[in-house]
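Everything on this sheet refers to the single structure shown next.
Chains as they are written, first to last, in our numbering: chain D, 1120 to 1457; chain E, 20 to 557.
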């Protein structure tokens, strides 16, 4: 894998993200919804002067191609435009909502890997044992339980019933967030030396991240199990065992390393999904994140916000996939040689 | 170190980190502190709040905050939406044969900034609202200009003296701002305000009003924080701090209310409110709204041949089980106006509904269908917004009930659920045969219901009202005598009922669930849900 390859991948990533915005831009304009009608009140929508000012303000009075060119022009200056619904720069909205999603998704994916991989490995090694059955049951529940149901059950049980979980939201009611550096409360409270807020942030992240991790954990457990079983049946594993290599070395040095490749691919996609698609978890746990912002923008056809979100989400997917591709080199030396 | 060592270490590290995360959460996470007597916490969905600039905001959730941080010249008390009460103005009178209104301001009122309230602030506020040409500016359309008579007297000159202004002035959009500070922050009250006003960013984070509370923080889709205004002209507000907490999910609001993390839950469904009845420490507070859910039937033969027939539409109206909707779907927590003016305004009462309104009469419906040449019924498309509700009952449920009712006279309603934005666009364009939708007031004058029925709503149902009915609406709007005005609106409603394009299904009673730790919590239909100044710790 050369530097040229990495540069080319990054360039393609940018072009693909832009292409995604064009597709979304066109699709959004073919939907029979007038964003002005969804935003303006009944009385104002009957006043031509107010409607005209709105259309002009958001550039909706211009031809579609011109609107897209203006979007690209602004993008070249790092400006994603102004949201029709929130009436402020889309970049500012994203700066506010993305850290909450990033923090939640990151904790969730760490949990998913931490639980899913060991459980999958154990299930494969102890195939058809009670451990394997437990692992399969856990992954089945994780994959099949609807997120909105799981979220509410978890909240009702641990917050409403047992009263051991804190209230929904990123922090307690009235708590002032730490001074913003990254927007990630875990990092910002640590930087500010505010351990109370750090603890509170952890506590508030616990339930939503477990809920969010459930599906991914299930998928990772299943994939790890299947991948490990597949690898353990390979000839080179039999050869290693025949040569007298220690069983532990066979499992972890020879089998797990090869089995990890599809898991990393899957994990990358799952992480990108968690970053952008946690609408129900964010709604029930009162997390002001990207998933909910994207959903609300889509419902009212907030064109600038939709385009901005598409760009960011597209880039996120592409960059995560790029990182996964590059990490193959670490796991599989054959990728480097190719 | 070999690659397998690296892999193993990565696995170990992630496992360790995950376990540590869990432990830290459990060991260090403490439940949120419940709202104490010095802090009032409201749980509601504030995702629609896109600004707290009083002259720009025009959404559902913002007025509860705006009304607590800004005050208007006049106001209305819950239940009485006819007579304006003094607030920042102690008295007012019409001048120039109705072409102007003079307001006498309350002396010794200070803004939270410490500046005194003057007529200049009234002029700036009203003219800024008008010239911003934003969503709320339509409310100030009838204001030509504001003249400063003296520091405590302002004269509002009207564009059209036949159109009422007073009912509009209670809206939080007319909340008086400290003109000196807003000007310093780039605010304008000149015709170029729509392009050059820069004060909104400031007003989104700080309030400059005379209200009992003042805004200290607004984190979008998270929380609004207000503290007690030290310069308030009446008794200081009861709470040191008020938090309006964003809780988009109503089931989560129930959990938080039960735990005591919030003092009031504002967005509960009918079923959730029922489940809370009898719960110790929780009370359901009710308030009659002026909102209503209605069905709009087109007059356009191109959209529906049968519906273009007035007699067929009248048959529809007689087939609907109105009492069944109110008792069966909303548990009786609603009333019904006779037509498009809500009970409480313009002579509209429940007695009037019984007297002149439609009621279910299946024999009459069948007879009218026969008269319309449709003895075997007909079918039409009934559109409604999916995933939304009014007064705790969803459009879907109401649509299903209507479908069942109409089937009894062989009328088939084909249910067409639509996404809300889609529905609004199509309905406002007049592209739908029949639409279940919703009306809520911009201000408290019957003209705001009567005029649209013969103007923009008439266009949506493709009805060209006869000049006589339009003239009647205008005559009622301009009538100064309250009794005569009510009588004219009643006459107007009779014509609307005969026309049978608009069928009001119910006018809901809204309910909030509150903890017994607070008192004075009274719902209003005037637009701001609750006057937070009246809420006190028990």
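Note that the Cβ used here is the ideal one computed from N, Cα and C, for glycine as well.
query, result
"Residues in the segment 129 to 160 of chain E with C-beta within 9 Å of chain D's C-beta atoms, listed in sequence order?", "152, 153, 154, 155, 156, 157, 158 and 160"
"Can you check which of these residues, 57(E), 409(E), 78(E) and 67(E), is closest to residue 1161(D) by C-alpha distance?", "78(E)"
"Does the count of Cβ pairs from the segment 226 to 240 of chain E and the segment 1222 to 1239 of chain D closer than 8 Å reach three?", "no"
"Report yes if the C-beta distance between residue 244(E) and residue 260(E) is below 8 Å; otherwise report no.", "yes"
"Less than 8 Å between C-beta atoms, sequence neighbours within five positions excluded: which residues of the same chain meet that for residue 58(E)?", "258, 259, 260, 261 and 262"
"What is the DSSP secondary structure of residue 145(E), counted as helix, strand or coil?", "helix"
"I need the straight-line Cα distance from residue 1244(D) to residue 1348(D), nearest angstrom please.", "8 Å"
"With H, G and I counted as helix, E and B as strand and the rest as coil, what does DSSP make of residue 1131(D)?", "helix"
"Mind checking which residues open and close the beta strand (DSSP E) that includes residue 265(E)?", "260 to 265"
"What alpha helix (DSSP H) runs, 4 residues minimum, are completely inside the segment 250 to 302 of chain E?", "269 to 278 and 289 to 295"
"Let me check one thing: in DSSP terms, what residues is residue 307(E) bridge-paired to?", "528(E)"
"My assumption, with CB atoms under 8 Å, is that residue 1216(D) sits in contact with residue 1408(D). Please give the rounded CB distance.", "6 Å"
"Taking C-alpha atoms, which residue in 535(E), 406(E) and 401(E) lies nearest to residue 432(E)?", "401(E)"
"If the cut-off is 8 Å on Cβ atoms, which residues from the segment 470 to 496 of chain E count as contacting chain D, listed in chain order?", "471, 474 and 475"
"Let me check understanding here. Comparing Cα to Cα, which of 1239(D), 1323(D), 1422(D) and 1316(D) lies closest to residue 1403(D)?", "1323(D)"
"By the DSSP assignment, the beta strand (DSSP E) with residue 247(E) in it spans what residues?", "242 to 247"
"For residue 44(E) and chain D, any beta-carbon pair shorter than 8 Å?", "For residue 44(E), the predicted structure reports a pLDDT of 47, less than 50, and the residue's modelled location is therefore unreliable. A value from the coordinates is still provided. Judged by the 8 Å Cβ criterion, residue 44(E) is in contact with chain D."
"Under three-state DSSP, which class holds residue 400(E)?", "strand"
"Exposed or buried, what is residue 396(E) when buried is set at 16 or more other beta-carbons lying within 10 Å of its beta-carbon?", "buried"
"Between the C-alpha atoms of residue 1132(D) and residue 1438(D), what's the straight-line distance to the nearest angstrom?", "7 Å"
"Under 8 Å between the Cβ atoms of residue 1331(D) and residue 1284(D)?", "no"
"Give the C-beta separation of residue 107(E) and residue 195(E) to the nearest angstrom, bearing in mind that I take them to be a contact with Cβ-Cβ under 8 Å.", "6 Å"
"Would you tell me roughly how many angstroms separate the C-alpha atoms of residue 53(E) and residue 1287(D), rounded to the nearest one?", "Because the pLDDT of residue 53(E) is 42, which lies under 50, any placement of that residue in the model is unreliable, and the number read from its coordinates should be weighed accordingly. Going by the C-alpha atoms only, they are around 13 Å apart."
"Which of the three DSSP states, helix, strand or coil, is assigned to residue 1125(D)?", "helix"
"On the premise that residue 100(E) lies in contact with residue 363(E), defined as a C-beta separation below 8 Å, what is that separation, rounded to the nearest angstrom?", "6 Å"
"From 1329(D), 1451(D) and 1157(D), pick the residue whose C-alpha is nearest to that of residue 1228(D); which is it?", "1329(D)"
"According to DSSP, is residue 337(E) helix, strand or coil?", "helix"
"In chain order, what are the residue ranges of uninterrupted beta strand (DSSP E) at least 3 long that sit wholly in the segment 1385 to 1427 of chain D?", "none"
"With a threshold of 8 Å on Cβ separation, who are the neighbours of residue 1387(D) within its own chain once the five nearest residues in sequence on each side are excluded?", "1439, 1440, 1442 and 1443"
"List, in chain order, every chain E residue whose beta-carbon is nearer than 7 Å to that of residue 1402(D).", "267 and 268"
"Kindly indicate if chain E contains any beta-carbon less than 8 Å away from that of residue 1255(D).", "no"
"Assuming residue 280(E) contacts residue 1292(D) under a Cβ cut-off of 8 Å, what Cβ separation, rounded to an integer in Å, is found between them?", "6 Å"
"What's the call for residue 1298(D), buried or exposed, on a 16-neighbour Cβ count within 10 Å?", "exposed"
"Leaving aside the five residues before and after residue 164(E) along the sequence, list all residues of the same chain whose C-beta is less than 6 Å from its C-beta, in chain order.", "176"
"For residue 1148(D) and residue 380(E), what's the separation of their Cα atoms in angstroms?", "46 Å"
"Quick test of your reading: residue 1294(D) and residue 1399(D), contact by CB under 8 Å. State the CB separation rounded to the nearest angstrom.", "Rounded, the Cβ-Cβ distance is 24 Å, inconsistent with contact."
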